[in-house]
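The structure under discussion appears below in the form of structure tokens.
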Amino acid sequence: MLDANSILFAGAVGLLVIGIGGMVISDHLYRMLLALALAEAGANLMLVLAGFKWNAVAPIVTFSMAGTSGMVDPVPQAMVLTAIVIGVGVQALALTMIIRIRNAYGTLSMREIKHKMEQDFAAKADLPIETRNIPARNE
Amino acid sequence: MQELIILTFAVPLLLAFLLPSLSRISFTLSKLLAPVVLVALAVMVGCIWQFHDDTFVLHIGNFTGPQGIVFYIDRLALLFAFAVPVITVLLWPWYFDPQESSELKTRKLSLTLLLVAASAGMSLSGDIFNLYVFYELLAVASYGLIAAGDHKAGGSSYAAAFRYLMISALGSVFALLGIALIYFQTGTLNLAHLSEMKQVLDSPAGLIAFVFILLGFGVKAELFPVNSWVPEAYMASSKRVAGLLAGLVSKLAVLVIIKALILIYPQDEARQLLLILGVIGVLIGEFSAMKAQDMTRMLSWSSIAQLGLVFIAFSIPGKAGMLAGLAVALHHMITKPALFLIAERWGGSLQKLTGQAASSPLMAALFVLFALSMVGVPPLPGFWAKFLLLSGLSAQEAWLAIGVVLVMTVIEANYLYRVISSLYGKDELQSISSGHHKADVFSAAILGGVLIFSTIQIQAIGKTLDDIASDAVDIKSYISNSIGGSS
Amino acid sequence: MHRFTSFLFLGGFLFFLSVLAGILPLGDPPMLIGQVIQNQGATETGAANLVTAVVLGYRGIDTLGELAILFAAATAGGLVLSSGRRKSSVCSDDDAGFIVKTAAELLFPLLVVAGLYIVIHGHLTPGGGFQGGVILASAFFLPLLARPSAKMNHKVMSLVEGFSGAAFICIGLIGLFNHGAFLQPFLSKGVVGELFSAGTLPLLYIAVGLKVGAELAGLLAALNEEDDTEEGNEHA
Amino acid sequence: MIEWFLFVIVIIMLSAAIMAMLLDNLLAATVSASVVSLGLAMVFVFLKAPDVAMTEAAVGAGLSSLILALGLKRLGLWKLDNDEEDNS
């Protein structure tokens, strides 16, 4: 019942579902960013699991066992290294955008931001601004 | 000679790294150096195309066998490796807002070069994780370019870029997951090696991996469920960037999906899925384009619809599908950037366009030309693309899809005619907008020239495409070329 | 409605993934290329740490792509943060406390040494350019945290990040022109397990370490810089 | 034995992840997210992936938290208590 592989698989799936769920459902920009980090963590765990072999050793050749089999697969580990660093780069970039959005619109709610963005577009394209609320900006 | 093809990836990257230091010495130099290098690269690819008939394979780091990364260079890859620098030079940010600091401009140039490097890598690579890495590079560079916005965008460019980033990052998680699932089952990443083992992936788990990969790479290919970013991003960014993303970047994402489809997933289920998503994309795109009130949004939605057509075409099995898909994709690659260039000044409300043809007759004429080709009026290449698509579909007896394509063509003609009629309409309360920038006119005119040239040379082009298509669907030689039959 | 579809989607996602748990060969993967690399990796590249062999040897171009992604993220981040900003010389000069300042001075050399050590031994032991680069980045960021008025030297920064990335590509191009394939390892492979072994891989890792360190330090510094535009919006 | 250990780590990770999504205080949510990274780093050690574990600890738990913290400070959301509502 309690087998290490299924525990870790469940952990990866859990992180993925929580992360993706958070990204889809949340309305707060910063929380979407946290959710993205969680989802990436889940995907990374899944990738490492894809190369994991039970009862094997880490993929480092030592003098005692050079060349023998029974190491875990190094390829997914290398891929995860890449994916982790990519993830943090994207995260930092997203954070700079959040800071700018807040400066421009003064809010961090996705729904309000979308609304204001549409108004900006309408103003830019010389279209009548939708009259749902907020009077037309006059600059 | 032929191994120099790697330079199409390495040199733009090198230049992008060094550009910030270079522009401290002279900004003009760094602004002009990059297009020159890109043109030289395009010439080099042209030479390789001319003098090397055979498909060849580059083993990066000389690690032969499926454990290393392979660049697989056939005619299809060369075609894209040629198109990437050419289209980029045409859409190069030649002019800037005078208020921007030179540091900011340099950053934009660097990002554009990174986009070129990633695109070149994507057109050549034959390794699924390597493709993912290049795709991410493409994505990050395009976030930056969209966030840079155009001078009027304000906060909306950040908002659009952030929403795009979130969708794209979600897609990347899916793509990574798909690659993990594939690796779980096969233990390899090389496309040819995977193709050899495709029966392993002919299972529910394999198909789930395909769906994940489709969702991941579909973001940039403007595939149906993950394309809500498209109109916003194109509205917010400068039209040159929009043209680059719609014309070039989307095609490279499509290329990845097609490689996966042809080499790894020949099942009917995968093709059906692509067909359904493509049809939905066409329906949503054309109807939304019809409702659009401004030109940029209309072009964005029509881009989604055109890519839907591309997916419908590629869902036809065998060479017919490859040929039709290539034709539609290449046609879109030429027309959409040109239309976005035209929309640089005319991107606003459609009503304000009334009578603008008088102020800029050349651009109006070009718009008419591209619109006619997009609808598919006979002598123009767009007609032949749609003809190939429809004949391929009728061979498959996919009558529903044919009906959708035909009806949507009528709708497309309807909204494009609306624009044309207002362009040439007479209206006294016109507000002449400032004219097009010279660089825009020049690039659009070149693209128009290409379109007319291909109308004249349609037979030669048809034959070349036919060769490329039959190469591309030849899985056996793909496998034997890249891993030499041994594994 | 949106919430409902989201939950539906998540439910389907969860269902598919749980079904997969039964199908996938958990704990006993096929490892086709992994096995090959285990057998040949150490002799082909000369690196004892096979993950390094994969990262810089077999999949070196992935790593180059990744450096490019970091560069793109840093460039785009700088673009986003610097556009439309009025240059302000007024910096909030509230110094960090005594502890942070002293710790920064003490830790700086330690972190630099540790970072370099990890980078240089990347082909022998766990660690390498990414991990060491992150430590280097934090080392160079620490003084900024201690003294907010200090500014990072952008000119040096862009030189380091430009030339370390260029060095990686140039090593690759030397491989192409002298030995036939892009990023082909050259130089003597030495004895597996010794510091001076594995040919060009340690050089590549040094380039990676410097590049990662410079990019991340630049990003951190950009995020740390206050600008006056947001003061006005603070309570908007 | 080792299964139980992994079980506990996974439970901690998942609950920290849920907390990161539900906590109103964004600083606390950020800390929860870095707890997830730390747990993940431990899991990677058990998965015989020392390189990945080091990277995850340095990047995921360290650098990423630092970046997020700097961001929180600039966004003006750096609050230790919950008096003010935030629009999550």
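Protein chains in written order, with our numbering: chain R, 1 to 139; chain U, 1001 to 1487; chain W, 2001 to 2236; chain L, 3001 to 3088.
Don't be surprised by glycine CBs; every beta carbon is placed ideally from N, CA and C.
Looking at the DSSP output, N2049/W sits in a beta bridge with I60/R. Listed along chain W, the residues sitting closer than 8 Å to Q77/R by beta-carbon distance are V2051, V2054. What E2066/W touches in chain U, judged by beta-carbon distance under 7 Å, is V1133, going in chain order. By the C-beta density criterion, A1320/U is buried, having at least 16 other C-beta atoms within 10 angstroms. For Q1293/U and I3012/L, the gap between their C-alpha atoms comes out near 52 Å. Closer than 8 Å at the C-beta level to chain L, one finds these residues of the segment 6-24 of chain R: I7, L8, A10, G11, G14, L15, I18, G19, G21, G22.
DSSP, read as helix, strand or coil, puts L1223/U in coil. The contact set of L3026/L on chain W, defined by CB atoms closer than 8 Å, is empty, because the minimum CB distance reaches about 16 Å. A1469/U has its alpha-carbon roughly 52 Å from the corresponding atom of S3032/L. The way I'd put it, the segment 2182-2199 of chain W doesn't touch the segment 3040-3058 of chain L; fewer than three beta-carbon pairs between them come closer than 8 Å. Distance from the Cα of L1245/U is smallest, within the candidate group G1318/U, L1191/U, L1451/U, A1338/U, for A1338/U.
Collapsing the DSSP output to three states places V1473/U in coil. With a threshold of 8 Å between beta carbons, Y105/R makes no contact with chain L.
CA-CA distance, P2143/W to A2104/W, rounds to 6 Å. Buried is the label assigned to N1481/U, since at least 16 other Cβ atoms lie within 10 Å of its Cβ. Look at Y1424/U here: in three-state DSSP terms it is coil, with no helix or strand label. Secondary structure note for I1258/U: its alpha helix (DSSP H) is the uninterrupted segment 1250-1259. Setting aside the 5 residues that flank it on each side, L2145/W is surrounded in the same chain by A2096, V2100, A2104, N2224, each with a C-beta closer than 8 Å to its C-beta; the list follows chain order.
Selection Y1265/U, H1437/U, I1334/U evaluated against Q1306/U yields I1334/U as nearest (Cα-Cα).
Rounded to whole angstroms, Q1351/U and W1301/U show a C-alpha spacing of 18 Å. Contact annotation: in the segment 2130-2148 of chain W, residues whose CB is within less than 8 Å of a CB in chain R are F2130. Chain-ordered, the chain W residues with CB closer than 7 Å to the CB of M3054/L read P2126, G2127, Q2131.
The straight-line gap separating the alpha-carbon atoms of S1288/U and V2051/W is approximately 49 Å.
Chain order gives no chain W residues near T1008/U, where near means a beta carbon separation below 9 Å; the closest approach is about 11 Å.
G89/R is positioned such that its CB atom lies closer than 8 Å to that of I2069/W. The Cβ of M1322/U sits no closer than 8 Å to any Cβ of chain R. Secondary structure at I1069/U: coil, using DSSP grouped into helix, strand and coil. Against chain U, a Cβ distance below 9 Å from E112/R picks out nothing, because the smallest value is about 10 Å. Within the model, the alpha-carbon separation for V1036/U versus S1157/U is close to 30 Å. Taking 8 Å as the threshold, the shortest C-beta distance from A56/R to chain L falls below it. Following the DSSP letters along the chain, one finds F1051/U inside the alpha helix (DSSP H) bounded by residues 1027-1051. Within the DSSP bridge table, the entry for D1294/U names S1349/U as partners.
The alpha helix (DSSP H) runs lying completely inside the segment 1075-1146 of chain U and spanning 4 residues or more are 1075-1090, 1102-1124, given in chain order. For a cut-off of 8 Å, the C-beta gap from H1332/U to V1368/U is around 18 Å, too long to register as a contact. Along the segment 2023-2037 of chain W, going in chain order, the ones with a CB nearer than 9 Å to a CB of chain R are L2024, L2026, G2027, D2028, P2029, M2031, I2033, G2034, Q2035, I2037. For G1281/U, the closest C-alpha among the options A1236/U, I1257/U, S1228/U is that of S1228/U.
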